[in-house]
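Asks: This structure is in structure tokens; I'll ask about it shortly.
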Amino acid sequence: MSRAYAGKNIVVGVTGSIAAFKVAGWVSTLAKAEAQVSVVMTSAAQKFVTPLTFSSLSGTQTHTGMFDNESDEWMAHINLGREADLVIIAPASAETIARLAHGMSSDLLSTTVLATRAPIYICPAMNTRMFEHPATRENIAKLAGYGYQVIEPGVGMMACKEEGQGRLPEWEDVDEIFQRALTVHDLAGKKILVTAGPTREPIDPARFLSNRSSGKMGFSLAKAAFRRGAEVTLVAGPANLSTPVGVQRVNVQTAREMHDAVMKYADAADIVIKSAAVADYRAKSVYGEKVKKEKIGESLELERNPDILLELGKRKKKGQLLIGFAAESTRLEEEGKRKLEAKNLDMIAVNNINSDSTGFEVDSNQLLLITHESSEKLPFASKDRTADLLLNKVLELMQ
Ligand code: CTP
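Below, the structure is given as structure tokens:
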């Protein structure tokens, strides 16, 4: 579970749409991630789901009225807005969107929105024709003009049995957006190029040379860098992973394709992180048709692929940071130091591939980070956490 939500005050405004029941799941997830969730329901929302449902899931009393007589409800609209780190309106009905667009303050949710300085995320969910009506479009444009973030609803079959745009997004689609809103953007303005995954060197249409890299470490780095405000390009070899939100992904197969893609984006990058496991060799002959085993015989003739990182080191611009990876099974520090010097890097992250819980394929890692000044073993952690620890070190190097 990500730590981005822990201890954060999150106001979830639930309004009158059938998708309200889905947001019960969101609130439960946020509470489990240790956020302090305050749910505010409009009266229409309470026709779909009860306040008790949200109180049970959030662990705190759901707020329903501006003038409720419970002691902690006095000035609730100011307090909720003032203390919030993030305000999420989900589902946002056409009615609520219209009222927020006009700055109305007739209920607790609209006053909370007016009174907050926290980022506000609106997740519309309604019938397609209501969503596409010019009045709704105009109101949504107004909200965007106030600086609110409007998350486009999904397309598909809706509760009213009509197909179209208007579905509340799934949690997986909004989770990363909310985490980014709560994260300090200490990499804002930085362009980061990350490479990930293996490369695949074809022999014929059925066979290839490759390695065990899954791409998980590189994808975690791309995700963390975007969350921290960077503009991220991810050059990925064949990896069965979904593209992190907000990241520009360039798919490649071979080392030579990776080389060309990397050279295209490297000059503009402030930071290059080469976590890909590039195949050092490719087959000398590549067959267009599946080749018979008799034809290949006992040995396959190979030729060297370009060393992309070595070339990046040679053409490194002033101020650019170059981070390499090394997959090692013995003499980790020694090999890391050698590659750091040989490839003109600013830092190298050494993976121990001789362990079941670090290196290739698994979700956890323990990197040895070597710079020209220091050598530091990171704690054993998830690849997501490891990515953040590595980026912390990158920030240190930038200063
Ligand atoms: N690398 C690269 N191009 C290659 C081979 C490696 O850019 N053709 C990069 C990797 O992306 C990684 C670093 O070089 O960041 C080290 O990769 P590794 O395979 O550990 O080292 P090699 O330099 O290939 O050395 P060896 O395999 O002999 O240990």
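Just remember that our numbering sits 2 ahead of the position in the sequence shown, which is counted from 1. Cβ atoms here follow ideal geometry from the backbone N, Cα and C, with glycine treated the same way.
#1: Would you check if the distance between the CB atom of M351 and the CB atom of L369 is smaller than 7 Å?
#2: With a CB to CB cut of under 6 Å and the five nearest residues on each side skipped, what residues in its chain are close to A232?
#3: Would L54 be called buried (16 or more neighbouring beta carbons within 10 Å of its own) or exposed?
#4: Between I142 and the rest of its own chain, which residues show a CB-CB distance below 8 Å, the 5 nearest in sequence each way excluded?
#5: Pick from A383, N354 and L391: whose alpha carbon is nearest that of T442?
#6: In chain order, what residues of the same chain have a beta carbon less than 7 Å from the beta carbon of A6, not counting five sequence neighbours either side?
#7: Run the CB neighbour count on K276, radius 10 Å, all protein chains shown included, and call it buried at 16 or more, exposed below.
#8: Determine the direct distance from the alpha carbon of Y150 to that of T114, and round the result to whole angstroms.
#9: At a cut-off of 6 Å, would you count I310 as near ligand 1, judging by its Cβ distance to the nearest heavy atom?
#10: Report yes if the C-beta distance between S366 and S359 is below 7 Å; otherwise report no.
#11: At the level of alpha carbons, what is the spacing between L145 and A278?
#12: Applying the criterion that 16 or more other CB atoms from any shown protein chain within 10 Å of the CB defines a buried residue, is V274 buried or exposed?
#13: DSSP three-state label for Q151, please.
#14: Using C-beta distances below 8 Å, list every residue in its chain close to R258, excluding the 5 sequence neighbours before and after it, in chain order.
#15: Take the Cβ of D386 as the centre, count every other Cβ of all protein chains shown within 10 Å, and call the residue buried at 16 or more, exposed below.
#16: At a threshold of 6 Å, does N354 count as lining ligand 1 (C-beta to nearest heavy atom)?
#17: Would you list, in sequence order, the uninterrupted beta strand (DSSP E) runs of no fewer than 3 residues that lie entirely inside the stretch 208-277?
#18: If you drop the 5 nearest sequence neighbours on each side, which residues of the same chain put their C-beta closer than 6 Å to that of A37?
#19: If you reduce the DSSP assignment to three classes, tell me which class P53 lands in.
#20: Compute the Euclidean distance between the alpha carbons of I310 and V237, then round it to the nearest angstrom.
#21: Looking at C-beta atoms only, is the number of pairs between the stretch 45-54 and the stretch 76-87 that lie closer than 8 Å three or more?
#22: Using a threshold of 6 Å, is the CB atom of G315 nearer than that to any non-hydrogen atom of ligand 1?
#23: Within 10 angstroms of its Cβ, does H65 collect 16 or more other Cβ (buried), or is it exposed?
#24: When DSSP labels each residue in this structure, what does G168 get in the three-state scheme?
#25: With a threshold of 6 Å, establish whether the CB of F327 neighbours any heavy atom of ligand 1.
#26: Beta strand (DSSP E) containing T197: first to last residue?
#27: Is DSSP giving G338 helix, strand or coil here?
#28: Of the choices R84, G105, S108 and T130, whose alpha-carbon is the least far from that of P121?
#29: Would the beta-carbon of A278 be found less than 6 Å away from any heavy atom of ligand 1?
#30: Ligand 1 heavy atoms versus the CB of N307: any closer than 6 Å?
#31: What do you reckon, are the CB atoms on P200 and G248 nearer than 7 Å?
#32: Counting along the chain, where does the alpha helix (DSSP H) carrying T373 start and finish?
#33: Would the C-beta of D206 count as close to ligand 1, meaning under 6 Å from any of its heavy atoms?
#34: Name the DSSP beta bridge partners of Q63, please?
#35: How long is the line joining the alpha carbons of M132 and E154, rounded to whole angstroms?
#36: Contact between the stretch 13-23 and the stretch 85-96 is defined here as three or more beta-carbon pairs at a separation below 8 Å; is this criterion met?
Replies: Well, looking at it:
#1: Sequence inspection shows Ala at residue 351; the Met mentioned does not correspond to that position. A contact, by the Cβ cut-off of 7 Å.
#2: So the list reads L189, K192 and I194, once near-sequence residues are dropped.
#3: exposed
#4: I99, A103, I124, P126 and V152
#5: What the structure shows of the chain is the stretch from 3 to 401, and residue 442 is not part of that stretch, so it cannot be assessed.
#6: So the list reads Q181, L184 and T185, once near-sequence residues are dropped.
#7: buried
#8: 14 Å
#9: yes
#10: yes
#11: Computed Cα separation, rounded: 42 Å.
#12: buried
#13: strand
#14: Within the same chain, R258 has close Cβ partners R284, N307 and P308.
#15: buried
#16: no
#17: 233-238, 250-253 and 273-276
#18: Y7, K10 and I12
#19: helix
#20: One alpha carbon belongs to I310, the other to V237, and they sit about 12 Å apart.
#21: no
#22: no
#23: buried
#24: strand
#25: For ligand 1, a non-hydrogen atom lies closer than 6 Å to the CB of F327.
#26: Run containing T197: K193 to A198, per the beta strand (DSSP E) assignment.
#27: The answer is helix: DSSP assigns G338 an H, G or I state.
#28: R84
#29: yes
#30: Residue side-chain check: N307 places its Cβ nearer than 6 Å to a non-hydrogen atom of ligand 1.
#31: no
#32: Premise fails: T373 lies in the beta strand (DSSP E), L370 to T373, not in any alpha helix (DSSP H).
#33: no
#34: Beta bridge pairing from DSSP links Q63 with no other residue.
#35: 14 Å
#36: Judged by Cβ distances under 8 Å, the stretch 13-23 makes contact with the stretch 85-96, as three or more pairs qualify.
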